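Data first, discussion second: the structure below is written as structure tokens.
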Amino acid sequence: WPRDVGILALEVYFPAQYEEQEDLERYDGVEAGKYTRGLGQQQMGFCAAHEDINSLCLTVVQRLVERRRLSWDAIGRLEVGTETVIDKSKAVKTVLMQLFHDSGNTDVEGIDTTNACYGGTASLFNAAAWVESSAWDGRYAVVVCGDIAVYATGNARPTGGAGAIAMLVGPNAPLVLERGQCCETPGLTSAVPGGRTSTFQLWMELLTSSRTSSARPIPLDDFKFIIFHTPFCKLVQKSVGRLLLNDFLAAPHPDTAAGLYKGLQPFRDVKLEDTYTSKEVEKAFQTASQEIFNQKTKPSLLLSSRNGNMYTPSMYGCLASLLAQ
């Protein structure tokens with residue numbers, strides 16, 4: 003079987019157009035800092051009239067192949083993850099096949115996967131499983147994640163964005179996909195957000211369950227970097243605080259007199275179900291985890307803070323941002 007299957011190369015594309023979140027604050031008539039400090043967003047990318055999900059994905063795939071100097075017939079699988087549907091009769095993958103026309107390569111397996119923001123990760127898993135299987139024919143797989151996130155006027159509007167990411171998948175990769183249960187990627191955004199009570203609480207519950215369901219929960223200190231799917235950057239910062247809370251509650255004898263858990267003794271006996279709606283708990287652990295966030299997560303938020311939420315490519319945009327540092 004092929005060894006070390008994972009990501010061999012990664013290409014990013016996002017629109018050239020953007021707006022400053024400070025300008026959107028003024029336009030929407032909200033208090034200064036609501037989008038910049040409250041959401042952690044600096045700018046938001048958006049597509050011009052001549053761009054759509056097909057053009058985003060066409061561009062990023064062509065760049066990946068050309069910059070890697072690959073031949074189009076070296077690709078045997080093409081997986082697309084997107085929730086941006088403009089043609090209900092055919093997949094984005096069908097449109098992308100025009101790139102293979104001149105090479106004569108029509109033998110390319112794969113299809114679109116639509117499942118909210120998880121579609122991109124599901125496509126990556128499908129591609130890796132193909133390379134690792136008896137069905138693999140020795141060629142590369144390409145995974146494309148792309149979306150255009152547009153919200154109507156309202157609280158969700160500043161959490162939009164757009165972009166696409168293409169990944170080359172194969173054996174002997176520098177970024178190996180390892181099997182395990184130490185983490186989970188909740189992708190919970192939609193064009194009609196459920197609001198803080200539903201989406202925020204469910205997100206935090208998933209983070210907690212991903213830690214507690216692991217056979218051996220891995221403490222934050224063991225990670226060099228931690229990246230997240232990123233609807234908006236402030237949610238990611240709060241998520242780091244949630245992971246610290248999980249470690250704190252799981253520790254048999256945490257030192258609350260000094261170090262990482264200093265001053266957190268009042269929360270030692272807090273009930274887990276009460277933590278999801280407690281602003282006091284949220285603020286305390288967000289503050290306590292600030293250094294961890296700055297060192298292990300903030301470097302990955304370059305693209306998310308400047309371009310916004312790309313839906314399916316969001317987490318992989320964070321990966322690209324981290325690798326580019």
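Quick note on numbering: the sequence shown equals residues 3 to 327 in the working numbering.
No residue lacks a Cβ here, since even glycine has one placed at the ideal position from N, Cα and C.
No experiment lies behind these values; they were computed from the predicted model shown.
Between the region 309-327 and the region 115-127, the count of C-beta pairs closer than 8 Å reaches three or more; the two stretches touch.
Boundaries of the alpha helix (DSSP H) harbouring C59: I55 to R69, taken from the DSSP string. A residue is called buried when at least 16 other Cβ atoms come within 10 angstroms of its Cβ; P268 does not meet this threshold and is exposed.
DSSP, reduced to helix, strand and coil, places Q45 within a strand of the structure shown. Under the DSSP definition of a beta bridge, I167 partners with V14 and C147. Counting of Cβ neighbours within 10 angstroms places V14 among the buried residues, the total reaching 16 or more. For the pair S302 and K92, the Cα-to-Cα distance works out to about 34 Å.
The bridge partners DSSP lists for R79 are E111 and A143. The straight-line gap separating the alpha-carbon atoms of L325 and T277 is approximately 34 Å. About 5 Å separates the beta carbon of C147 from that of G83, a gap short enough to meet the 8 Å contact definition.
In the structure shown, E22 adopts extended strand secondary structure according to DSSP, grouped into three states. Judged by DSSP secondary structure, Y318 falls within the alpha helix (DSSP H) whose first and last residues are S316 to A326. Fully enclosed beta strand (DSSP E) runs of no fewer than 3 residues are not present anywhere in the region 240-323.
In summary, G112 is buried, with 16 or more beta-carbon neighbours lying within 10 Å of its beta-carbon over all protein chains present. Collapsing the DSSP output to three states places L72 in coil.
By the 16-neighbour rule on beta-carbons within 10 angstroms, D114 is buried. Secondary structure of N117 (DSSP, three-state): strand. In the DSSP secondary-structure assignment, L237 is not bridged to any residue.
Beta bridge pairing from DSSP links I9 with V171 and L177. Counted as a single uninterrupted DSSP element, the alpha helix (DSSP H) harbouring L98 occupies residues V94 to L98. Rounded to whole angstroms, the gap between the alpha carbons of E21 and M46 is 5 Å. Rounded to whole angstroms, the Cβ separation of G78 and A154 is 41 Å, and the two are not in contact under 8 Å. In the same chain as D75, and ignoring 5 residues on each side of it, the C-beta atoms closer than 6 Å to its own belong to S105 and N107, in chain order. No Cβ-Cβ contact shorter than 8 Å links T299 with I220. By the C-beta criterion, the region 281-299 is judged to be in contact with the region 233-247, since at least 3 inter-stretch pairs fall below 8 Å.
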